[in-house]
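Scroll down for the structure; my scribbles are underneath it.
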Amino acid sequence: MILALMTALAVSGGASSSTSSAPAPAATAPLREVVYKVSYTRQANVSNETFGGGSPANSMLTNSASQAFAERSTDATDTGTVTIDVMQVAADALGIRVTEHWNGATPAGTYQGNVAPDGTVNFRDSQMNECTALILEYFGAAFMTDQPAQGVRWERTAKGTAADLDTVYTVGTIDGAIAKIHEQTTVKSKSVALLDSVTTADVQYKPAMLAPLSGRIVTHGSRSSASSVTNISTVSNFDRISDTRDQGP
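Using my numbering, you'd call the opening residue of the sequence shown number 39 and step up by one each time.
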């Protein structure tokens, strides 16, 4: 389940910063191409409560109905590459084409959308991996504007009909051209299609290039109803392996 991206799409209509003037990228040669090596491991656990016992009539008389629990766990892991092609620039918003290639069972795909100056990701295809969605936000032209100092903290919120999203960014150590950023995003779902979740990410970011170099992302999502409980945990990692605009270390 693509928690981060589904949430970004769900709240995009309720946040003024989430609407970008950049059109979907055209099928031309990219202005910039950045390639990342990516991996993820996901564990999902679903517990369902069922009711058993005698017939309804006997149950009413003898109270013999019994409860039973059925649990199902699934694990998934995969590695691959994510290619981010910047196709257009309009008012500091980026028209972007993303190509995901996975070595295992995860479906590959090519997706088109845009990234607003503040880093808001506007892609309509919910099949894109959540690791890719987080990488994309660091391409925003104004993502770290006026936030250059170590220890600086800022917040971004978005409210929508399906979910409310709150993200807190903290600048850790700054080592030369690289800033270490800690990100924590809390999602409060208003829809049965989404999970409540908390995502933490530690990212090595290069402000001069408007791109992340590497990162680790941990997401814990949960949903409960009268008869079931769902818990999903995902750990993702990414590393930049090439960038046509950045040939430095």
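By construction, the Cβ of each residue, glycine as well, lies at the ideal position given by its N, Cα and C atoms. Only a predicted model underlies this, so the values are computations on that prediction, with no experimental measurement involved.
Quiz item: Whose C-alpha, out of THR223, ALA200 and PRO145, is nearest the C-alpha of THR137?
Solution: Within the sequence shown, numbered from 1, the residue matching residue 137 stands at position 99. With distances taken between Cα atoms, THR137 lies closest to PRO145.
Self-check item: Residue-level contact to chain B via CB, VAL72, 8 Å cutoff
Solution: As a matter of chain content, chain B is missing from the structure shown, which is built from one protein chain.
Quiz item: Taking the C-alpha atoms as reference points, what is the distance between THR257 and GLY118?
Solution: Position 219 of the sequence shown, counted from the first residue, corresponds to residue 257. Position 80 of the sequence shown, counted from the first residue, corresponds to residue 118. Taking the straight line from one Cα to the other gives about 19 Å.
Exercise. Using the Cα positions of VAL124 and VAL236, report the straight-line distance between them to the nearest angstrom.
Key: Taking the first residue of the sequence shown as position 1, residue 124 is located at position 86. Taking the first residue of the sequence shown as position 1, residue 236 is located at position 198. Rounded to whole angstroms, VAL124 to VAL236 spans 29 Å at the Cα level.
Quiz item: So, helix, strand or coil for MET125, using DSSP?
Solution: Reading the sequence shown from its first residue, position 87 is the one you call residue 125. Three-state DSSP puts MET125 in a strand.
Exercise. Would you mind listing the alpha helix (DSSP H) stretches within the segment 121 to 196 that are 4+ residues and don't spill past its ends, in chain order?
Key: 168 to 175
Quiz prompt | Reference PHE276, options PHE161, ASP116 and THR224, closest by Cα | solution = Here residue 276 corresponds to residue number 238 of the sequence shown, with the count starting at 1. Taking only the C-alpha atoms, the option nearest PHE276 is ASP116.
Quiz item: Among PHE181, VAL273 and ASN269, which has the Cα closest to the Cα of ALA154?
Solution: The residue given as residue 154 occupies position 116 in the sequence shown. Minimum Cα distance to ALA154 is reached at PHE181.
Quiz item: Should LYS226 and ASP202 be called a contact, given that it needs their Cβ atoms to be closer than 8 Å?
Solution: What you label residue 226 is simply residue 188 of the sequence shown in a count that begins at 1. What you label residue 202 is simply residue 164 of the sequence shown in a count that begins at 1. Cβ atoms of LYS226 and ASP202: closer than 8 Å.
Quiz item: What number of angstroms, rounded off, separates the C-alpha of VAL209 from the C-alpha of HIS220?
Solution: Taking the sequence shown and counting its residues from 1, the one referred to as residue 209 is at position 171. Taking the sequence shown and counting its residues from 1, the one referred to as residue 220 is at position 182. If I take the Cα positions, the gap works out to 6 Å.
Exercise. Can you give me the start and stop residues for the beta strand (DSSP E) that PRO250 sits inside?
Key: Numbered from its first residue, the sequence shown carries residue 250 at position 212. Run containing PRO250: 249 to 262, per the beta strand (DSSP E) assignment.
Quiz prompt | Cα-Cα separation, ASN167 to ARG135 | solution = The residue you call residue 167 lines up with position 129 of the sequence shown. The residue you call residue 135 lines up with position 97 of the sequence shown. Distance between the alpha carbons of ASN167 and ARG135: 14 Å.
Practice problem: Using three-state DSSP, classify ALA67 as helix, strand or coil. | Solution: Within the sequence shown, numbered from 1, the residue matching residue 67 stands at position 29. Note: ALA67 maps to coil in three-state DSSP.
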